[in-house]
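Heads up: the structure comes next, in structure tokens.
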Amino acid sequence: MNPDAGGSSSATPPPSASQGAGAEEERGGKPVVVVLVGPPGCGKSTFAEAVVTGSTAGRPWVRICQDTIGNGKAGTKIQCLKAASDALKEGKSVLIDRCNLEREQRADFVKLGGTLHVDVHAVALDLPAKVCISRAVSRKGHEGNLQGGKAALVVNRMLQKKETPLLTEGFSRIMSCNDDGDIKKAVDLYNALGPSDSLPSGIFGQKSKGPVQVGIMKFLKKGDTSSVEKSSGPNITLSESKQGQQNPLPKHEKVEAGITCQMEVEKGLDDKKENEEHAKESDSDNVGSRTLAFPSISTADFQFDLDRASDIIVDTAADFLQKFDNVRLVLVDLSEKSRILSLVKQKASKKSIDSSRFVTFVGDITQLHTKGGLQCSVIANAANWRLKPGGGGVNAAIFNAAGESLQHATKKCADALRPGTSVVVPLPSVSPLHQREGVTHVIHVLGPNMNPMRPDYLKNDYTKGSKILHEAYNSLFENFASIVQSNMGKQNSKSGAEMSASGGTSPNDTKMKREDSHGSERMKKHKLLPPTMTAKQQHECTKANAPNYHDKSTVSSAAPNQAREGDNKKSGVVASKTWGSWAQALYELAMHPDKYKNTDSILETSDEFVVLKDLYPKAKKHVLVISRADGLDSLADVKKEHLPLLRRMHSAGLKWAQKFLEEDASLVFRLGYHSVPSMRQLHLHIISQDFNSTSLKNKKHWNSFTTPFFRDSVDVIEEIEQHGSATSSSDEKVLAMELRCHRCRSAHPNIPKLKSHISTCKSSFPSHLQQKNRLISLSTTMHMDCT
DNA sequence: GTTCTAGAAC
DNA sequence: GTTCTAGAAC
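Position 676, counted from 1, in the first sequence is what full-length UniProt numbering calls 676; the numbers after and before it change by one each time, with no gaps.
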């Protein structure tokens, strides 16, 4: 408290209510800034128009639309700010009709409101992505010229970056509309808003999408005994647990000091009566709902070192159990001889972990209740990155046991996972796993992969691998804790109120809780979901844009990726390469060529590769031979074992070059790979050397085909034969090099001049290219035919 | 004044 | 990815 500040005259007028009111009276109203938040196709403009034209209460409204602000054409944010400022000064309320999905994009409008002492509202049009996409795709004559197939891409990309508006940004009111009904209600609300009326502050209409995570420490952490009864740990006797709440284990789950609970021990539970009794007791003390059963992550198919893995399991479990009382972890493996179980058991006992709250269990994770007598409401799945069933092991077993409903539920929650993250999927009650085993939640976890045959292979880098495995378990346990907390919140509304009240600064509980859940959503977005476009989004994008499997020969859009990589590093997830949304198209095609077989872009399909015309050809003839091997994304992944594949891809490329030469004998082809491809899934370019194409537009396009960035297929094959890998790939710096003719090597100041030059340059190709069949022309193919 | 590019925005 | 535009380059 600075007495000077309090006593000083209003050199800088504080945004006090009285001052604001005085100004309003002068202007005869109380303007407001309404920042619309939503992707293209969400109906922002319709909303704004409806408010502007439908106002029944006399409030003057101005729609500030960035798509039309420049004399009917798209303008800048600055123009919008200026227009908004002018309107507000005239006492008019404004609707900011631009996407405003990211905090930074809307910050200036919030600031403007602050400067002019008017309330700033956010209206988030949170319609389902597919609704926005389909609207954006099908609309005609859009002011911002965003329609058709590209709209899908744009919407998807924008939604990835979406940051839910927060009160802490400076909004006095945030309203979420989740469907057209909500939107109508919001329009009605603003239409009925008189010039001097104001709307209540706070957050309205937000759907709670997941378990609340913020505040969980307060709720479960040791030391906060107000809402959680402390576990008494291993010293409690079984009889004392009759009241249930205190002992995390029911008496039927006989946990030895050795902490391994084997199925044999539980055989007696097959007795129906006892089972019923068990179930009853479990229900009453609810231990099942506080138990997580999990398989060892990454140690099966992903071949993670068992010794290291067991250390990490014990470490993360110990940390977790120290932080949270009243929860139980069960490490499950099928075999009695399981080495990971025995290692974990050993290390856990050395570390003196509470053996009643961390147990190892031999059995089938999908039959813990019926066969093992264990009640575990939450089970973890060692998932694959696409969250798809199959593949064998625990993943296949869980998806099989849970039935289709798990697949559907999973799709609703997430589309893909990055190594080191997990996602909670509430298991529908129709699922056999729910009905039979009492599993209410499955948490999919993706760990690090040390298997060269699987995606995201870490090449035995255990520094990275261990970090990711740590992350994976931490993420799993945190998500588990959030489920427990959410359950307890449901059971005990008093505790929930305590949690909110203990938030302290919030004027009302509802607001606080909503903000919390909101924070949790953000956390979920940043931490749990993959930073790149989700598989579902990709799918929808592909559907909307098919065929969308063009090759992107530039890296011009790498910036957002890099930013996201930064985020990953922060959260401990280290990715070798982040593939953007469009970068997935070839992968999608390679995995499911049948889906696209009716497009004329696909020239040939085999078990090993797909040949297709590049959607944005950089020359008269430009096709791609795409490998269909999962996990083989670029030259960096190529090993000796892939040589036969590379040779066959080369042959396929040659065949197509020859076919094109039959049509146009003047062409010359080069076959090669980009050192650093923009799209995942290894693909070989077959490109004619005329570079006569309107799609070749910039320096990066040009340099990606005419500098050492382009790696001739023959050289790649030779290099792998000799060294086992493609070592001499050049980096992306060469893409910024000066523009030189690929024939005479003359330099040119810009793309148009260069293109003009190459259209007439008749120089022979550099001698280096004329060797080893790097160039394919009629003469070379004739020669090849002879030999 | 016109052309071109880089970067923002979609 | 494409479109658009401000400002650099000519």
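By construction, the Cβ of each residue, glycine as well, lies at the ideal position given by its N, Cα and C atoms.
- By the beta-carbon neighbour count (other beta carbons within 10 angstroms, threshold 16), P749 is exposed.
- When rounded, the separation of the alpha-carbon atoms in T781 and V394 is 52 Å.
- Between S422 and S405, the C-beta gap is not smaller than 8 Å, which leaves the two residues out of contact.
- Non-local beta-carbon contacts of F171 in its own chain, meaning distances under 7 Å to residues more than five positions away in sequence, involve V110, V120, H121, A122, P165 in chain order.
- The DSSP-derived three-state label of S356 is coil.
- Fewer than three pairs of CB atoms, one per stretch, sit closer than 8 Å, so the region 669-681 makes no contact with the region 611-618.
- Buried is the label assigned to Q681, since at least 16 other Cβ atoms lie within 10 Å of its Cβ.
- Counting the other CB atoms within 10 Å of its CB gives Q770 a total below 16, which places it among the exposed residues.
- Under the DSSP assignment, Y587 falls outside any beta strand (DSSP E), being part of the alpha helix (DSSP H) whose first and last residues are 585-591.
- 8 Å or more divides the Cβ of K595 from the Cβ of G724.
- Apart from the 5 residues on each side of it in sequence, R290 sits with its Cβ closer than 7 Å to the Cβ of P248, N326, V327, R328, V484 in its chain, given in chain order.
- Distance from D97 to L193 at the Cβ level is roughly 18 Å; contact not present, criterion being Cβ atoms closer than 8 Å.
- In the DSSP assignment, the residues bridged to P426 are H441.
- For I203, no alpha helix (DSSP H) segment is defined; the enclosing uninterrupted segment is the beta strand (DSSP E) at 202-204.
- Cβ-Cβ separation between S296 and A309: approximately 6 Å, consistent with a contact (criterion under 8 Å).
- DSSP lists V623 as the beta-bridge partner residues of K613.
- The bridge partners DSSP lists for I720 come to none.
- Looking at the backbone, the Cα of D354 and that of K464 are separated by about 29 Å.
- For H434, same chain residues with a beta-carbon under 7 Å away, outside a window of 5 residues either side, are L427, P428, T440 in chain order.
- For L603, the enclosing beta strand (DSSP E) starts and ends at 602-605.
- Between the alpha carbons of L116 and A83 lies a gap of roughly 14 Å.
- About 7 Å separates the beta carbon of D108 from that of K77, a gap short enough to meet the 8 Å contact definition.
- Listed as beta-bridge partners of Y673 by DSSP are R711.
- Annotated three-state conformation of I174 is strand, per DSSP.
- Restricting attention to D461, L469, S349, the CA atom closest to the CA of A382 is found in L469.
- Shortest Cα-Cα distance from K753 to any of M450, R740, F765 involves R740.
- Leaving aside the five residues that flank H757 on each side, the residues in its chain whose CB is nearer than 8 Å to its CB run, in chain order, C741, S746, H748.
- With a cutoff of 8 Å on beta-carbon distance, G43 and L125 are scored as near each other.
- DSSP lists H444 as the bridge partner or partners of N381.
- Less than 8 Å divides the Cβ of F361 from the Cβ of G372.
- Scanning its chain for C-beta atoms nearer than 6 Å, with the 5 sequence neighbours on each side dropped, one finds around T299 the residues L306, A309, I340, in chain order.
- C65: member of the beta strand (DSSP E) spanning 61-65, first to last residue.
- DSSP places A652 in the uninterrupted alpha helix (DSSP H) bounded by 643-663.
- Buried is the label assigned to R670, since at least 16 other Cβ atoms lie within 10 Å of its Cβ.
- Burial is judged here by how many other beta carbons sit within 10 angstroms of a residue's own beta carbon; Q689 has at least 16 and is buried.
- Measuring C-alpha to C-alpha distances from S176 to each of A136, L127, N451, N474 identifies L127 as the nearest.
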